[in-house]
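Here is the structure we will look at.
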Amino acid sequence: MRKLADWSRTARPVRKAVRTTSAPADVEDGTASTARRFRSTVQATLPGLSLCFALALVATLLGATEGLTLGDKLVEPIILALVLGILARRFLLLPGSIEKGAQFSATWLLEVSVFLLGASVDFAQVLSAGTSLSILITVTVLLSVSLTWLMGCLFGLHPKLAILVAVGNSICGNSAIAAVAPSIEASKEDVAAAISVTAIWGLIQVLLLPLLVPGLALTHYQYGVVAGLSVYAVPQAIAAGFAVSALSGQVATLVKLVRILFIGPFVLVLGLAYRRSISAKQPGHVHLVPWFVAGFLLLAALRSIGVIGLDWADASKDISTFLFVVSLAGLGLNVNLSYFRVVGLPLVTTVVLSILFLLSVAIAGTFLLGLT
C-alpha cells in the first residue's frame, strides 16, 4: 500500500504535465510575432516606397507634359525617374528611413515589372513581319548583342555592365536592361550607367537618323526598317519613324516590336548561364530559373495563344511600365555617382560603336535582302 501511495504521489505531476500543453499559446505567440515583424517591415519600407512612387508620378507628369508640348516623348519617364532619384540623393538631405523602401523598389518591384511585361508579348508578331525581315531582325540582334558584349569587355567594362549595354542597344533599351539586370544580379550602378549613357546617345541618334533618307536615297519603307532595327527604345523608334512619314513609322514600329520579343529568351538564357556559373563556383547550390523569368514566359505564352486578351495585355503593360518607373526611381536613390567616372569613357565608346554597328548591319541587310 505504501508503494502504491508513493507511486500515486509521483504520478500526479506527470499526468498534470501531460494534460497541460502550451501549443495554443505557442501558436498565438508565433502569429503575434509574425504580425509584428510584418508590421515592422511595412513601417520600415513605407517611407522610401512612398518617395519612389512620388518621384515616379513626377516623372510621368513630366513625360506627359513633354508629349503635349513637343509632340513626342523623347525622354521616357523611366529615365526621368532615374535622374530624379539620383538628383534627390545628391542634393537633398534624405533621412536614412528611406533606404529600405528604395531598395525594395529597385529590386522586388523591378522583378514584378518584368513578370507583368510578359503579358504584352505576342509571338505571332513574328509571322506578320515576313520571312526576310524576320531573318534580318534575328541576325542583327544576335550579332549586335555578341559584338557589343565583346567590345565592352575589351574596353574594360565589367562583363555584367557589358551585357546590359548589349541587350539595351540591341533589343529594347531601358526595358531590356531592367529586365535582364535582376536575372544576372547586376549592381544598381551598372543598371543606372547603362540606362543613362544608352539613353543619351540614343536620343542623339533619333535626331540625326532622318538624314539617312536623302543621304543614302532610302525609300520610306527601307528607312522604317533601319529605324526599327537600330533605335534603342520603342518611343524613340516610333518618333524616328514618323518623323519621315506614316509608312516609315508603321514599319519602324513593327520591326521594333519584333525585336522586343527577344527579351524573354535573353532573360532566360542569360539568367541560366549566370546561375550555372554560380553553381560551378559553389558546388551543392542549385540555382533555379528566377520566378519572374518563368512568369514572364508563361504570360507571353498565354498572350500568344489568346488566353490573355488585348485589354488585359494593355492593362498589364501599363502597370508594368509604371512599376518600371517606380523601380528606377528607387535605383536612382541608391546610385553612387562616383561609379560613372570610372566607367565613363569605356562605356561611351562601347555604346557609340554598338550604335554604328547596328546601323551598318541594318542598312546593309536592307539592301542585300532587297527590302522595299
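Residue numbers (the working numbering): -5 to 366.
Built from N, CA and C at the ideal position, the CB exists for glycine as well.
Given the structure is predicted, the values throughout are model-derived calculations rather than measurements.
Sub-8 Å separation of residue i and residue j beta-carbons
{"i": "S413", "j": "Y268", "result": "For residue 413 there is no data in the structure shown, the boundaries of the chain being -5 and 366."}
{"i": "V252", "j": "T54", "result": "no"}
{"i": "F117", "j": "S310", "result": "no"}
{"i": "G95", "j": "L62", "result": "no"}
{"i": "I349", "j": "S190", "result": "no"}
{"i": "S99", "j": "G300", "result": "no"}
{"i": "L158", "j": "V185", "result": "yes"}
{"i": "G218", "j": "L241", "result": "yes"}
{"i": "L72", "j": "N168", "result": "The residue you asked about is not Leu; residue 72 is Ile in the sequence shown. Taking 8 Å as the Cβ cut-off, I72 and N168 qualify as a contacting pair."}
Rounded straight-line distance, which links the Cα of residue j to that of residue i
{"i": "F109", "j": "A211", "result": "42 Å"}
{"i": "V394", "j": "G209", "result": "Beyond the ends of the chain as shown, which are -5 and 366, falls residue 394; an answer cannot be given."}
{"i": "L148", "j": "T344", "result": "9 Å"}
{"i": "L363", "j": "N328", "result": "46 Å"}
{"i": "L56", "j": "W143", "result": "33 Å"}
{"i": "L266", "j": "V106", "result": "19 Å"}
{"i": "L74", "j": "L339", "result": "23 Å"}
{"i": "T39", "j": "L137", "result": "42 Å"}
{"i": "Q216", "j": "I131", "result": "13 Å"}
{"i": "A231", "j": "L88", "result": "37 Å"}
{"i": "A193", "j": "A227", "result": "9 Å"}
{"i": "T59", "j": "V69", "result": "11 Å"}
{"i": "I92", "j": "V52", "result": "18 Å"}
{"i": "I90", "j": "S271", "result": "First, the residue type needs correcting, since residue 90 is Gly and not Ile in the sequence shown. The straight-line gap from Cα to Cα measures roughly 35 Å."}
{"i": "L111", "j": "S128", "result": "22 Å"}
{"i": "Q37", "j": "A48", "result": "17 Å"}
{"i": "V207", "j": "F290", "result": "38 Å"}
{"i": "C166", "j": "K250", "result": "8 Å"}
{"i": "L197", "j": "R30", "result": "48 Å"}
{"i": "H214", "j": "P229", "result": "18 Å"}
{"i": "A82", "j": "Q97", "result": "15 Å"}
{"i": "W285", "j": "T28", "result": "24 Å"}
{"i": "W195", "j": "T35", "result": "40 Å"}
{"i": "L296", "j": "P259", "result": "16 Å"}
{"i": "P41", "j": "L86", "result": "15 Å"}
{"i": "G303", "j": "L248", "result": "19 Å"}
{"i": "L292", "j": "L104", "result": "18 Å"}
The alpha helix (DSSP H) enclosing residue i, as first and last residue numbers
{"i": "S128", "result": "125 to 148"}
{"i": "A233", "result": "228 to 236"}
{"i": "I165", "result": "Note, I165: premise wrong, no alpha helix (DSSP H); not H, not E."}
{"i": "E179", "result": "Here E179 belongs to no alpha helix (DSSP H), and DSSP marks it neither H nor E."}
{"i": "H214", "result": "214 to 224"}
{"i": "F316", "result": "304 to 328"}
{"i": "W285", "result": "285 to 298"}
{"i": "T247", "result": "240 to 254"}
{"i": "S107", "result": "104 to 111"}
{"i": "L206", "result": "206 to 210"}
{"i": "A117", "result": "Looking at the sequence shown, residue 117 is not Ala but Phe. Careful: F117 lies outside any alpha helix (DSSP H) and carries neither H nor E."}
{"i": "P71", "result": "71 to 85"}
{"i": "A100", "result": "That residue, A100, is in no alpha helix (DSSP H); it is neither H nor E in DSSP."}
Nearest candidate by alpha-carbon position, reference residue i, set the options
{"i": "R84", "options": "G326, I357, A356", "result": "G326"}
{"i": "L352", "options": "L293, A175, S164, A186", "result": "S164"}
{"i": "W102", "options": "E179, K250, C166, L88", "result": "E179"}
{"i": "V220", "options": "I357, D312, G42, A82", "result": "I357"}
{"i": "V115", "options": "I198, A294, L341, P41", "result": "A294"}
{"i": "G150", "options": "T360, V342, S354, A175", "result": "V342"}
{"i": "L382", "options": "S126, L81, H152", "result": "There is simply no residue 382 to check, as the chain begins at -5 and stops at 366 in what is shown."}
{"i": "V263", "options": "Q244, I313, A175, G243", "result": "A175"}
{"i": "E183", "options": "H152, T213, W195", "result": "H152"}
{"i": "A307", "options": "T315, Q244, A113", "result": "A113"}
{"i": "I254", "options": "Q244, V135, W285", "result": "V135"}
{"i": "S321", "options": "G222, L43, T28, G235", "result": "L43"}
{"i": "F316", "options": "L76, S34, R33", "result": "L76"}
Nonlocal neighbours in the same chain, by C-beta distance under 7 Å from residue i, ignoring five residues either side
{"i": "L347", "result": "M145"}
{"i": "T188", "result": "This sequence places Ala at residue 188; Thr is not what is there. Once the five neighbours on either side are set aside, the close Cβ partners of A188 are L155, L158, V159, G162, I171."}
Contacts around residue i, its chain only, beta-carbon distance under 6 Å, and the 5 residues preceding and following it disregarded
{"i": "S173", "result": "Looking at the sequence shown, residue 173 is not Ser but Ala. Counting only Cβ-Cβ distances below 6 Å, and skipping sequence neighbours, we find V108, I257, V261."}
{"i": "A160", "result": "V139, T142, W143"}
{"i": "P204", "result": "A237, V238"}
{"i": "G235", "result": "G218, A221, S242, G243, A246"}
Own chain residues within Cβ distance below 8 Å of residue i, not counting five before or after
{"i": "D305", "result": "none"}
{"i": "V133", "result": "V355, G359"}
{"i": "L78", "result": "L49, V52, A53, A323, G326"}
{"i": "I313", "result": "L110"}
Contact test: residue i Cβ vs the ligand COA heavy atom, cutoff 7 Å
{"i": "W195", "result": "You won't find the ligand COA in this model; it holds no ligand whatsoever."}
Any C-beta of chain C under 8 Å from that of residue i
{"i": "L325", "result": "The structure shown has no chain C; it contains just one protein chain."}
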